[in-house]
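A quick write-up on the structure given underneath.
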Amino acid sequence: MLDAKLLRSNLDTVAAKLKTRGFMLDTQAIQSLEAQRKDFQVAAQTLQAERNAKSKGIGKAKASGEDIAPLLAEVASLGDKLKEAEEASQDVQAKIENIYAGIPNLPHASTPIGGGEEDNVEVRKWGTPGDFDFEPKDHVELAEAKGWFDNEAAVKIASARFSVLKGPMAKLQRALTQFMLDMHSDAGFEEVYVPFIVNQESLRGTGQLPKFEADLYKISKNDEHDTNDRDLYLIPTGEVPVTNIYRDDIIDVNDLPIKMTSHTPCFRSEAGSYGRDTKGLIRQHQFEKVEMVQLSKPEDSAQALEDLTLQAESILQKLGLPYRVMALCTGDIGFSASKTNDLEVWLPGQQAYREISSISLFEDFQARRLKTRYRIGQDKPQLVHTLNGSGLAVGRTLVAVLENYQQADGSIVVPDALQPYLGGVTKL
RNA sequence: GGUGACGUGGCCGAGAGGCUGAAGGCGCUCCCCUGCUAAGGGAGUAUUGGCUUUAAACCCAAUCGAGAGUUCGAAUCUCUCCGUCACCGCCA
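Counting from 4, one number per residue, gives the positions in the first sequence under this note's numbering.
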C-alpha cells in the first residue's frame with residue numbers, strides 16, 4: 004500500500020509514475036473521495052468531542068447530586084447524529100481503502116521503463132551454455148527414461164501439474180534444498196521453519212490479497228456455522244509466512260538487517276496458465292522453494308537488493324549452472340515490487356533461459372500493510388523496507404541440473420557442490 | 001473435542017459504568033545527590049488519525065485481544081470470534 008499522505012499531496016506525480024507500469028490511477032475519484040473523507044471525518048469527530056464533553060458533564064452533575072434530566076434531554080438526539088456521521092465517515096474510508104489496496108507500488112528509480120517482458124534489461128551473464136556433442140534431452144525425457152518421474156501417478160493421486168519423483172531424483176531435490184539452506188545460513192541468514200497455511204491478514208500484509216485471490220488455494224473449514232472471515236490459504240510462496248513473522252512489530256534498529264531463509268512448499272492454482280509448460284516440473288501447483296527474506300533500513304534497501312541477487316547467484320555458480328540476471332522493467336514487475344531482478348538459468352532441453360529466481364525490493368509498500376516498523380532509540384517508529392528472493396526455486400534447479408549435467412548415455416553427473424549431500428555419489 | 005479460568009502500556013499488575021489513556025511497581029531515558037560501589041531524590045517514558053505547521057508543541061478523535069451491541073457515557077455490562085492457561089479425552 005502506498006502512503007496515503009503521498010497520494011494526497013503528490014497525486015499527479017504518483018499517477019505519472021504508476022503510468023510507467025501501465026496502471027491508470029483515477030485521480031479524480033481519489034480527489035473527490037479524499038475531500039469527502041475530510042468533511043465526514045471532521046464532522047464525526049466534532050460530534051464525538053461534543054458527546055464526550057456532555058457525558059462528562061452528566062457524570063459530574065450526578066456526582067454532585069444535581070438533577071441530570073435536562074442534561075440528558077440535551078444529548079438525546081446526539082447519538083443518532085453521531086451514528087450517522089460515523090457511518091458516513093467509515094463508508095468513505097472503506098471506499099478509499101479499497102482503491103488504495105488496488106494500487107501497485109511505485110517503481111524504483113533504477114527500474115527500467117518498459118511495457119512488458121521484451122523490455123527487461125540483461126544486467127549480466129554468467130557461464131557459457133554447454134556444448135553437447137549429442138542432442139541434449141529435456142528433463143522429462145531424461146527422468147522418465149530412468150523411471151524417476153511419474154506423471155501418471157501424480158494425476159491419479161491429485162491432478163495435472165503435480166509430480167511424483169522417485170529414487171535418485173527425489174534425493175537430488177532434497178540435496179539441493181539442504182545445499183541452498185546451508186549456503187544461506189553460512190551467509191548469515193537465519194533458518195526459519197514456518198506454517199504453510201496462513202490467514203487472510205498475512206496475505207494482505209504481503210500483498211497477495213485482495214487482488215490475487217484467484218491464484219491461491221483456499222482451505223474451507225468444512226463447518227457450516229463458520230460464517231466469518233477465518234478462511235485459511237495454502238502459501239503461494241515462503242515470502243508470506245516468513246515476512247509476516249514481523250507483522251505488527253516494532254524492531255530495534257540494532258537488530259536490522261534481519262535476514263531469514265526458509266524452505267517451504269509453494270502452492271499456486273496457476274489460473275490462466277493452461278497450455279503453458281504443461282510438461283514436466285517447470286510449472287506445478289506444488290513446488291519446493293528456498294526463500295530469502297530481509298528487513299532493512301530504508302537507506303540500505305537498494306544495496307540489499309543487489310546483495311540478495313548476488314546471494315542467489317552464488318547458488319547457481321556453485322552448481323555451475325549458466326544464467327543471466329535480468330532487471331525487470333516497469334511493465335513486468337509484480338504488484339508490490341518497486342524493483343525486481345530475475346535470475347534465468349540456461350536449460351539445454353529448451354535451448355532457452357528460464358526464470359529460476361525472482362528477487363524483489365518492496366521498499367515500505369509491504370511494511371505499511373504489515374505495520375512492521377523499526378525504532379531508533381526513543382524516536383518515532385518508522386516503516387522498514389522489505390525484500391525477498393528465491394534462493395532458489397528448487398524444482399526448477401532440479402530441472403537445470405538434470406539438463407545441464409546430462410551425459411550421452413542418459414546418466415547425470417552430480418555437481419561437485421552436491422556430492423557431499425548425496426553420500427559422495429558422483430553420477431546418477 | 002469437553003469443562004473451567006483468563007486476555008489492560010516494554011514487562012508485572014490494579015481498576016468492575018463517569019473524576020481512567022488508564023493507580024502502583026519494574027525496566028528504560030534525562031537531571032540532581034554521591035570518593036567508588038550500593039542506595040536515594042526529581043522529571044519523562046504507547047500507537048494511529050485529524051487539525052495546524054518549514055517542523056514541532058498545543059488541541060481534538062480513536063485504541064485496555066478483535067468485532068458488534070446496550071447506555072447520555074464502556075477497560076468495566078451483553079453477544080460472537082480469536083488467543084492463552086489448567087484438567088480431561090484423542091493423537092504424530
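From the three backbone atoms N, C-alpha and C, an ideal C-beta is built for every residue, glycine too.
Here Met295 carries a strand assignment [DSSP, helix/strand/coil].
Non-local C-beta neighbours of Phe43 in its own chain, meaning closer than 6 Å and more than five positions away in sequence, comprise Ala91, Ser92, Val95, ordered along the chain.
Counting only unbroken stretches of 3 or more residues, the beta strand (DSSP E) elements lying wholly within the stretch 118-171 are 124-129, in sequence order. Leu346 has Val328, Ser360 as its beta-bridge partners, per DSSP.
In this structure, the CA atom of Phe182 is about 10 Å from the CA atom of Leu425. Sixteen is the threshold: when 16 or more other Cβ atoms of the shown chains lie within 10 Å of the Cβ of Glu242, as they do, the residue is buried. Within its own chain, the residues whose Cβ lies closer than 7 Å to the Cβ of Ala420, once the five positions on either side in sequence are excluded, are Phe182, Lys321, Leu322, listed in chain order. Boundaries cannot be given for Asp6, as no alpha helix (DSSP H) includes it and DSSP labels it neither H nor E.
In the structure shown, Ile379 falls within a coil segment according to DSSP collapsed to helix, strand and coil. The criterion of a C-beta distance shorter than 9 Å is satisfied by Leu284 and Val402. With fewer than 16 other Cβ atoms inside 10 Å of its own Cβ, Asn257 counts as exposed. The alpha-carbon separation between Leu324 and Asp310 amounts to approximately 19 Å. Between the stretch 263-271 and the stretch 290-302 there are three or more C-beta pairs closer than 8 Å, enough to call the two in contact. For Gly394, the enclosing beta strand (DSSP E) has its first and last residue at 388-396. Membership of Phe368 in the alpha helix (DSSP H) is indicated by the continuous run 368-373.
Our two residues, Ile359 and Ser304, have alpha carbons roughly 22 Å apart in a direct line.
By the Cβ-count criterion, Thr49 is exposed, with fewer than 16 other Cβ atoms from all chains shown falling within 10 Å of its own Cβ.
Ser265: member of the beta strand (DSSP E) spanning 261-270, first to last residue. When C-beta atoms of the stretch 113-129 are compared with those of the stretch 400-417, fewer than three pairs fall below 8 Å, so the two segments do not count as touching. With contact defined as three or more Cβ pairs closer than 8 Å, the stretch 361-372 and the stretch 326-341 are in contact.
Glu193 is bridged by DSSP to Met263. For Asp70, there is no enclosing beta strand (DSSP E), as DSSP marks it with neither H nor E. Put simply, of Ala330, Gln306, Lys430 the residue whose alpha carbon is nearest the alpha carbon of Gly117 is Ala330. Check the Cα spacing between Lys214 and each of Gln39, Pro107, Ala52, Ala7: the tightest is with Pro107.
A straight-line Cα-Cα distance of about 10 Å links Ser299 and Leu386. Residue burial annotation: Thr246 is buried, with at least 16 other C-beta atoms found within 10 angstroms of its C-beta. Contact annotation: the stretch 130-146 does not touch the stretch 391-398, with fewer than three C-beta pairs closer than 8 Å. In the structure shown, Asp42 adopts helical secondary structure according to DSSP, grouped into three states.
Looking at the DSSP output, Ala355 bridges to Leu350.
The residues Lys374, in chain order, have a CB closer than 7 Å to that of Asp251 in the same chain once the five nearest residues on each side in sequence are set aside. Asp255: member of the beta strand (DSSP E) spanning 253-255, first to last residue. Under DSSP, the beta-bridge partners assigned to Ile222 are Leu235. When the Cα atoms are used, Asp189 and Pro260 turn out to be separated by approximately 16 Å. Distance from the Cα of Ile379 is smallest, within the candidate group Asp255, Lys63, Glu100, for Asp255.
Within the DSSP bridge table, the entry for Phe290 names Cys269 as partners.
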